[in-house]
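To get this note's numbering, take the position in the sequence shown, counting from 1, and add 8.
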Amino acid sequence: MNTGENDILEMESVGDTDEFDGDVRLDMIDEEVVYPEEFLPTYHTIKEGSKLLKTQLAEFNNRPDSLFFNDGIRRIDFILVYEDEDKKEFDKRHMSQRRKRRREFFEASLMSMGLELEATKSVLDDKLMFVKVHMPWDVLCTYAEVLHIKVPIQPNDLSSRTSPWHFLSCITKHFYPSEKLISKEAEYFTAPFEKAQEEFFYIKDKDLFFTPAMRSRMAYYILSRAPYELRGNIKKFGINKLLDGGVYKAAYPLHDCRFNVKSKDDACPNERFLLYNEWAHPKSFYKMQPLDLIRKYYGEKIGIYFAWLGFYTYMLALAAVVGLGCFIYGYKTQETSTWSKEVCDPEIGGQIVMCPQCDKFCNYWRLNSTCEASKKLCIFDNFGTLVFAVFMSIWVTLFLEFWKRYQARLEYEWDTVEFLEQEEPLRPEYEAKCIYERKNPITGMKEKVPYTACGRCVRVSIGIGTVLFWILLIVASIVAVMVYRLAVFFAFSTSLRNQDLKTLEPLKEYVTPQMATTVTASLINFVIIMILNILYERVAIWITNFELPRTKTDYENSLTLKMFLFQFVNYYSSCFYIAFAKGKSVGYPGNPVYLGRYRNEECDPGGCLFELTTQLSIIMGGKAIWNNIQEVLLPWVKNLILRHCKRGDAESTIPRWEQDYRLQPFSNLGLFYEYLEMVIQFGFVTLFVASFPLAPALALVNNLFEIRVDAWKILTQFRRIVPEKAQDIGAWQPILQGITILAVATNAMIMAFTSDMIPRLVYYWSFSVYPYGGHANHTMQGYINSSLSIFNTSDFTEDSMPQESYNITTCRYRDFRYPPGHPRQYEYNVYYWHVIAAKMAFIIVVEHIVYFTKFILSYVIPDVPYSVKEQIKREKYLTQKILHETNLKLVTKHMKAAIHVFKIKTRNLKLSPKTHSILY
9 MNTGENDILE MESVGDTDEF DGDVRLDMID EEVVYPEEFL PTYHTIKEGS KLLKTQLAEF
69 NNRPDSLFFN DGIRRIDFIL VYEDEDKKEF DKRHMSQRRK RRREFFEASL MSMGLELEAT
129 KSVLDDKLMF VKVHMPWDVL CTYAEVLHIK VPIQPNDLSS RTSPWHFLSC ITKHFYPSEK
189 LISKEAEYFT APFEKAQEEF FYIKDKDLFF TPAMRSRMAY YILSRAPYEL RGNIKKFGIN
249 KLLDGGVYKA AYPLHDCRFN VKSKDDACPN ERFLLYNEWA HPKSFYKMQP LDLIRKYYGE
309 KIGIYFAWLG FYTYMLALAA VVGLGCFIYG YKTQETSTWS KEVCDPEIGG QIVMCPQCDK
369 FCNYWRLNST CEASKKLCIF DNFGTLVFAV FMSIWVTLFL EFWKRYQARL EYEWDTVEFL
429 EQEEPLRPEY EAKCIYERKN PITGMKEKVP YTACGRCVRV SIGIGTVLFW ILLIVASIVA
489 VMVYRLAVFF AFSTSLRNQD LKTLEPLKEY VTPQMATTVT ASLINFVIIM ILNILYERVA
549 IWITNFELPR TKTDYENSLT LKMFLFQFVN YYSSCFYIAF AKGKSVGYPG NPVYLGRYRN
609 EECDPGGCLF ELTTQLSIIM GGKAIWNNIQ EVLLPWVKNL ILRHCKRGDA ESTIPRWEQD
669 YRLQPFSNLG LFYEYLEMVI QFGFVTLFVA SFPLAPALAL VNNLFEIRVD AWKILTQFRR
729 IVPEKAQDIG AWQPILQGIT ILAVATNAMI MAFTSDMIPR LVYYWSFSVY PYGGHANHTM
789 QGYINSSLSI FNTSDFTEDS MPQESYNITT CRYRDFRYPP GHPRQYEYNV YYWHVIAAKM
849 AFIIVVEHIV YFTKFILSYV IPDVPYSVKE QIKREKYLTQ KILHETNLKL VTKHMKAAIH
909 VFKIKTRNLK LSPKTHSILY
């Protein structure tokens with residue numbers, strides 16, 4: 009290193025952007041920050057005032073499919089795009105000179121670090137310049153060792169076990185990508201690359217040894233740490249800040265070809281074309297994903313996402329079949345349900361007059377006006393739903409356990425088994441803020457950190473406080489929707505119930521005041537959810553940036569936790585309200601419970617389960633439509649507008665790098681939002697599945713489209729993503745485990761408190777026969793009458809008495825209370841306490857059985873398959889044998905040589921017999 013101890017690196021500060029154009033984002037850090045220079049193996053400091061190396065200029069060689077410099081030998085590993093400052097308008101030219109100096113210094117720094125650059129003018133815009141970046145073999149070897157990149161040391165000699173389903177291969181092969189187009193990747197034992205022991209690695213061709221994804225990853229690592237300005241002993245560095253400041257307009261690795269046309273270049277692997285045809289094209293929707301090729305082209309992080317999404321969709325198929333069977337069972341039995349028949353029967357439901365559900369302005373109404381609603385409720389509230397809820401509690405456990413096994417296999421095959429935290433580089437934003445010194449508790453060495461222990465506590469406290477504030481804001485929005493429900497229910501009750509009690513209008517058989525209120529409130533709630541999501545997203549990113557996480561994984565984990573906590577409350581709070589709060593504390597007609605000046609909202613006579621189903625279907629459906637618009641339609645429209653505004657030659661004559669520049673940049677958090685979308689969906693599928701058995705089927709259909717749409721999007725609408733290494737799905741794994749544990753409790757409570765399953769079972773087994781009932785055998789006949797209590801209309805208070813009396817002396821309401829005239833009138837009767845006891849017993853028994861089953865399954869199913877354990881042990885043995893034993897041999901050889909030299913030098917010396925015997 010040529011630098012002194014006082015040399016300092018720094019990220020860009022807002023004070024240095026005062027000369028930038030007005031359209032440049034000024035969201036950089038507010039204070040001047042410094043950081044002692046990090047050790048880089050090939051780093052060479054450029055002294056201030058010294059002559060800078062210039063980037064070589066080259067004309068476009070009319071080979072649009074080429075992935076190489078003009079010499080056809082050096083591969084392009086990265087592209088930098090900037091606007092030529094000398095060709096700007098005169099009044100803006102002076103503001104661009106500082107950018108030019110920074111860019112030239114940055115490019116000179118890259119060349120001093122061993123990279124090779126070549127600049128080419130745009131064929132469409134004379135102002136644009138494209139800088140091609142190449143990493144020579146020596147630089148690749150250096151940074152492969154720095155980044156602990158694992159490469160082959162020997163072909164895998166362990167024979168793979170034959171699948172027990174191999175006899176079905178003649179059928180299953182049609183559901184896999186064509187092996188003629190995408191051949192199976194060769195399997196190797198791998199080890200972290202060591203430059204000093206290069207000869208021991210399995211190198212056939214140096215040009216192909218490191219994949220394009222590896223090369224791009226190493227190039228981005230250097231670009232993120234190369235300095236671009238010197239100020240005395242202060243150095244500023246990082247491509248990200250140059251992009252933010254407008255010095256460069258874009259930085260990206262190249263796609264290897266057009267997605268729908270094969271490259272004419274013989275050296276092009278055409279992996280993008282293969283992925284489009286065998287993965288992203290709609291005709292391949294039924295095929296399994298080519299995960300190895302996805303990982304090879306985009307890196308492990310993208311690969312593990314699509315592996316998880318594909319596995320989740322695969323497991324959803326079983327849940328969807330069972331849920332669909334449950335739905336069909338409910339649909340077929342809705343006409344034969346005894347209690348539904350009683351509701352619709354003119355002699356039973358038609359004779360039962362129900363009490364008004366609001367004060368003064370609501371009228372009496374007949375029970376059979378809810379006939380159609382009760383039939384629909386039978387579809388979702390039946391014994392099949394109970395079985396399905398228990399099944400889904402087991403399914404989520406199987407899903408997570410089998411995913412762990414599948415993930416363990418991918419970790420081995422993709423060389424991420426020993427992916428350690430120290431292998432992941434620090435975030436440049438973190439490095440730039442490191443001004444405090446501390447002793448590393450692990451290594452015992454001094455290191456720089458961006459904050460003291462107290463400063464970290466302050467940052468974390470501010471983050472927690474902000475998240476809690478926004479969660480309270482969601483609660484406030486839910487209360488506002490509740491007030492809307494109460495207010496609008498009165499209006500719907502007045503208009504929809506304002507009819508002669510002896511007639512039924514066709515429309516009103518389907519639209520009840522509760523249903524009209526639920527649908528409109530659900531739509532309003534969905535709009536509020538979307539607005540709060542947009543606002544909070546910016547706040548969560550700001551808080552996470554303020555906390556300064558150490559690595560990108562730490563950054564994403566911190567943001568994941570914040571976003572999920574918010575989204576959990578935002579999406580699910582209304583469902584929790586309907587399931588567990590609505591209609592649970594309403595009192596009775598003579599003594600209702602009020603929320604402010606509004607009477608508390610009641611459930612439909614059939615219960616709140618159907619309202620919960622409506623809420624779920626609206627939010628799930630609306631969210632899926634909104635996400636597709638946001639993720640697919642907007643990038644497509646942007647690219648369409650861009651192509652229209654920049655019409656030029658056909659793509660066949662535009663160089664590869666300029667075709668990619670016309671695509672949309674992939675957000676740094678793009679994959680985060682994909683995970684978030686699927687995990688929120690997973691919550692809907694598991695937490696409230698007892699109320700909506702069709703949720704897994706709808707999720708399955710959505711995901712089949714989601715996989716292909718996401719594939720189509722990143723292949724055709726976005727620039728190639730910078731490859732990143734990842735061992736697993738990160739913080740989403742414990743979040744999924746938490747959801748599965750909570751799902752058992754929520755589904756048990758839905759069946760107990762939201763569904764009418766328990767009251768019907770209590771009536772069937774206890775209150776339909778002696779001593780409480782008059783039937784000789786257990787039956788559901790008479791259930792409706794027993795579940796509705798009687799109220800004397802003369803007991804109405806002056807504030808709650810309806811304006812129209814219709815000469816009605818008694819009315820019915822949904823509760824289990826003693827009738828008027830009883831010594832304990834309007835108090836809870838024995839039926840109520842039986843039901844409460846049965847509900848509590850049901851929750852305890854079901855939870856214990858399911859949790860015990862989950863524990864047994866988790867214990868029985870190993871997280872890592874036995875065959876993978878064998879291969880890991882074999883790989884470790886080979887690594888030790890080839891690399892470590894080689895070091896021992898070298899040491900032994902050097903020691904023997906040294907001893908031999910020593911013997912020669914001491915041969916003529918007079919030694920004692922004892923010393924002579926030791927040496928010779």
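C-beta: ideal position from N, C-alpha, C; glycine also.
Residues near residue i by beta carbon distance below 6 Å, same chain, minus five either side
i	result
aspartate 704	According to the sequence displayed, residue 704 carries proline and not aspartate. Same-chain partners within the cutoff: Leu324, Ala327, Ala328, Gly331 and Val693.
phenylalanine 696	Cys583 and Leu624
glutamate 112	Leu60
lysine 309	Glu732 and Ala734
lysine 847	Ala760 and Ile766
leucine 509	Bear in mind that the predicted position of leucine 509 carries a pLDDT of just 40, short of 50, making it too unreliable to give a figure here.
phenylalanine 208	Ile890
phenylalanine 201	Ala152, Glu153, Ile157 and Val159
Among the options, the one whose alpha carbon lies nearest that of residue i
i	options	result
isoleucine 637	Ala116, Tyr826, Met538 and Ala587	Met538
alanine 275	Tyr438, Arg446, Phe850 and Ser74	Ser74
serine 769	Tyr814, Arg223 and Thr346	Checking the sequence, you will find leucine at residue 769 rather than serine. Of the candidates Tyr814, Arg223 and Thr346, the one whose C-alpha sits nearest the C-alpha of leucine 769 is Thr346.
isoleucine 852	Ile479, Ala760 and Glu714	Ala760
threonine 321	Val709, Tyr778 and Ser866	Val709
leucine 796	Gln672, Tyr840 and Glu812	Tyr840
glycine 678	Ile356, Arg727 and Cys379	Arg727
glutamate 445	Glu439, Glu437, Tyr438 and Lys456	Lys456
isoleucine 470	Asn565, Val577, Asn815 and Lys570	Lys570
tyrosine 814	Ile549, Gly338 and Asn371	Asn371
threonine 861	Glu286, Val404, Ala66 and Lys340	Val404
threonine 561	Cys363, Phe369, Leu238 and Gly738	Gly738
leucine 723	Pro673, Ala756 and Thr748	Pro673
Cβ neighbour criterion (16 or more within 10 Å) applied to residue i
i	result
isoleucine 864	exposed
threonine 621	buried
threonine 511	Note on threonine 511: pLDDT 44, under 50, position unreliable in the model; the coordinate value appears next. When all chains shown are included, threonine 511 counts as exposed.
isoleucine 360	buried
leucine 896	exposed
leucine 476	exposed
tyrosine 151	buried
alanine 845	exposed
threonine 817	exposed
alanine 227	buried
cysteine 462	exposed
proline 185	buried
alanine 529	buried
Same chain, Cβ closer than 8 Å to residue i, neighbours up to 5 away in sequence not counted
i	result
histidine 142	Phe77, Arg82, Arg83, Ile84, Asp85, Leu123, Glu124, Leu125 and Glu126
glutamine 575	Asn541, Leu684 and Ile688
Close Cβ partners of residue i (< 7 Å) along its chain, the five nearest in sequence each way excluded
i	result
glutamine 162	Tyr196, Phe197, Tyr210 and Leu886
threonine 805	Gly598
threonine 219	Lys304
valine 425	Glu419 and Ile880
C-beta atoms of residue i and residue j nearer than 7 Å
i	j	result
proline 643	glutamine 745	no
phenylalanine 138	tryptophan 665	yes
proline 458	leucine 567	no
proline 663	proline 72	yes
valine 752	serine 224	no
arginine 464	proline 873	no
glutamate 279	proline 298	no
Residue(s) in a DSSP beta bridge with residue i
i	result
valine 139	Leu88 and Ala127
histidine 783	Val777
threonine 818	Asn800
glycine 598	None, per the DSSP bridge assignment.
leucine 65	Ala127
methionine 362	Trp373 and Arg820
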